[in-house]
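Engineer:
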Amino acid sequence: MSNLRLETESPMIGYARALRRGPALIAQRERLVAAGVREVHEDLRGGATVLRPALDRAIAALSPGGVLYVTALDRFGRDHRQIFDLAVRLQETSLHLVALDDGIDTRHDGGAFFRFAAMMLAHEARAAEDRRAEREILDAPRPPGPKHAITDAAWAEVSPLLATGTITVEQAADRLGVGRATVYRRLGRNENGT
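Just remember that this note's numbering sits 2 ahead of the position in the sequence shown, which is counted from 1.
Structure follows, in structure tokens:
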């Protein structure tokens with residue numbers, strides 16, 4: 003009976019990461035072993051490092067249905083994108099993820115965490131595209147000629163008040179967020195029909 007249980011039980015492999023050997027790495031390993039993990043792959047690297055050979059080995063050692071255990075998601079990296087990329091990678095290879103401190107167990111969440119990770123990656127991709135498009139607009143050459151500091155709509159509100167003497171040129175400039183000289187130039191342009 004125990005052989006049948008071992009055959010149907012999903013393989014569990016742990017992953018730990020710390021900057022150097024010491025208490026942090028030992029504590030992660032102990033918690034993973036206490037959770038039932040028999041094999042722990044360890045990277046001695048900082049959180050900002052993208053290359054994680056032990057993580058790659060851990061994933062390669064799992065077959066579909068296998069479970070990758072970590073103490074916390076931040077063991078995969080400091081950047082959310084790294085974490086979400088890994089989550090999508092695990093889902094695409096039919097692996098599960100358990101993050102002990104974060105309460106994540108994809109075997110029992112109906113795929114919610116993986117869907118969330120994919121959604122966040124798509125959101126980040128759209129945001130990056132929006133930023134690129136905004137940069138293109140900002141970097142585009144401006145048309146030649148002077149920039150009109152006072153819009154026609156704003157001028158339409160202020161010019162009748164100036165004409166009736168309700169406000170002064172200085173007050174109009176304050177309202178419009180421009181200098182007095184700009185208001186005088188606009189007045190001159192309107193009076194001259196240009």
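Backbone N, C-alpha and C define an ideal beta-carbon position, used for all residues, glycine too.
Bridge partners for H98 per DSSP, in chain order?
Structural biologist: Residue pairing of H98 in beta bridges, as defined by DSSP: V69.
Engineer: Quick check on H110: does DSSP put it in helix, strand or coil?
Structural biologist: coil
Engineer: Terminal residues of the continuous alpha helix (DSSP H) containing L53?
Structural biologist: Taken as a continuous stretch (DSSP letters only), L53 belongs to no alpha helix (DSSP H), as it is neither H nor E.
Engineer: For A174, is the classification buried or exposed, using 16 other Cβ atoms within 10 angstroms of its Cβ as the cut-off for buried?
Structural biologist: buried
Engineer: Quick one, which of A114, L102 and A151 has its alpha-carbon nearest A36's?
Structural biologist: L102
Engineer: DSSP on D45, reduced to helix/strand/coil?
Structural biologist: strand
Engineer: What residue range is occupied by the uninterrupted alpha helix (DSSP H) comprising I28?
Structural biologist: Unbroken alpha helix (DSSP H) run through I28: P25 to A36.
Engineer: State the beta-bridge partners of R19 as determined by DSSP.
Structural biologist: D45
Engineer: Tell me the rounded alpha-carbon separation between P162 and R83.
Structural biologist: 55 Å
Engineer: Under three-state DSSP, which class holds Y186?
Structural biologist: helix
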